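The next block holds one structure in the form of structure tokens; read it before the comments.
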Amino acid sequence: EPEVTQTPSHQVTQMGQEVILRCVPISNHLYFYWYRQILGQKVEFLVSFYNNEISEKSEIFDDQFSVERPDGSNFTLKIRSTKLEDSAMYFCASSSTGPSGANVLTFGAGSRLTVL
Amino acid sequence: AQSVTQLDSQVPVFEEAPVELRCNYSSSVSVYLFWYVQYPNQGLQLLLKYLSGSTLVKGINGFEAEFNKSQTSFHLRKPSVHISDTAEYFCAASGAGSYQLTFGKGTKLSVIP
Chain H
1 EPEVTQTPSH QVTQMGQEVI LRCVPISNHL YFYWYRQILG QKVEFLVSFY NNEISEKSEI
61 FDDQFSVERP DGSNFTLKIR STKLEDSAMY FCASSSTGPS GANVLTFGAG SRLTVL
Chain P
1001 AQSVTQLDSQ VPVFEEAPVE LRCNYSSSVS VYLFWYVQYP NQGLQLLLKY LSGSTLVKGI
1061 NGFEAEFNKS QTSFHLRKPS VHISDTAEYF CAASGAGSYQ LTFGKGTKLS VIP
């Protein structure tokens, strides 16, 4: 069964450093997402991406975050200057249909980010 | 906008006993409902979904859920649980026209041998 692949599985970084989390969505999917889950809290929506641009973003997704699809297969989340509160599990997801239909997301296994 | 409430943060249950994990939602628009499962140290796996049609939906691993519009609920049930069902279960909702999936806080199911 097709799956969403995320790397790295765990990254430890110092506060203020830049981090890039990578994702390979399912190959025929057109919509891409990042969610995060701070330990003990809800899974929260960060951003959705379609047709090479952000289609929707949450209040969490401020100027320190950016997303990019640098080639035909990868989808990345960059955090420019990490803060302690960015420590979380970050999930990438993809879907074949967008909000015009029932949007069923397939999630990756997650990338755990620890900011020291 | 939607909100999703999972009333129980932890549910312990003995092996082979039935279980119900509760989920209530609120939405001002037509809503699609999902249950995801997260096994320890793993990602989110889709368990089942309600998009339209029959209000009783069946998912993987013997789970089922019933969409109840009047009670705005989408409770997850399994008639007989196994040790391997120990995991965290998330109810989620999305509305027509939105890219965003809104999650509940999750319910940790612990199956006791």
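Going down the list, the sequences are from chains H and P. Using this note's numbering, the first residue of the first sequence is number 1, and each one after it goes up by one. Using this note's numbering, the first residue of the second sequence is number 1001, and each one after it goes up by one. Cβ coordinates follow ideal geometry from the N, Cα and C atoms, glycine included. Only a predicted model underlies this, so the values are computations on that prediction, with no experimental measurement involved.
Linking glutamate 56 of chain H to aspartate 63 of chain H through their CA atoms gives a straight-line distance of about 14 Å. Taking a C-beta distance under 9 Å as the contact criterion, valine 19 of chain H and leucine 113 of chain H qualify as a contact pair. When 8 Å is used as the limit between beta carbons, alanine 109 of chain H is near these residues of chain P: Gln1042, Gly1043, in chain order.
The beta carbon of glycine 1095 of chain P lies closer than 7 Å to those of Gln1002, Ser1027, Val1029, Ser1030, Val1031 in the same chain, with the five residues before and after it left out. Going by DSSP, asparagine 1068 of chain P is part of the beta strand (DSSP E) stretching over 1064–1068. With a cutoff of 9 Å on beta-carbon distance, cysteine 1023 of chain P and glutamine 1045 of chain P are scored as not near each other. Any Cβ of chain H closer than 9 Å to the Cβ of glutamine 1010 of chain P would place that residue at the interface, and such an atom is absent. Residue pairing by DSSP puts glutamine 6 of chain H in a beta bridge opposite H/Cys23.
For methionine 89 of chain H, the enclosing beta strand (DSSP E) has its first and last residue at 88–95. Taking C-beta atoms under 8 Å as the contact rule, leucine 116 of chain H and tyrosine 33 of chain H fail to qualify, at a distance of about 27 Å. None of the residues of the stretch 71–83 of chain H has a beta carbon lying less than 9 Å from any beta carbon of chain P. Counting only the Cα atoms, threonine 82 of chain H lies some 8 Å from glutamine 14 of chain H.
Around the C-beta of tyrosine 1039 of chain P, fewer than 16 other C-beta atoms lie within 10 Å, and the residue is accordingly described as exposed.
For the pair threonine 1107 of chain P and arginine 80 of chain H, the Cα-to-Cα distance works out to about 33 Å. Closer than 9 Å to the CB of proline 99 of chain H there is at least one CB belonging to chain P. The residue among P/Leu1033, P/Lys1105, P/Pro1018 with its C-alpha nearest the C-alpha of glycine 1053 of chain P is P/Leu1033.
Contact between leucine 30 of chain H and serine 111 of chain H does not hold, since their C-beta atoms are separated by about 22 Å, which reaches or exceeds 8 Å. For isoleucine 54 of chain H, the enclosing beta strand (DSSP E) begins and ends at 53–57. Contacts with chain H (Cβ-Cβ distance below 9 Å) from the stretch 1081–1102 of chain P involve Phe1090, Ala1092, Ser1094, Gly1095, Ala1096, Gly1097, Ser1098, Tyr1099, Gln1100, Leu1101, Thr1102, listed in chain order.
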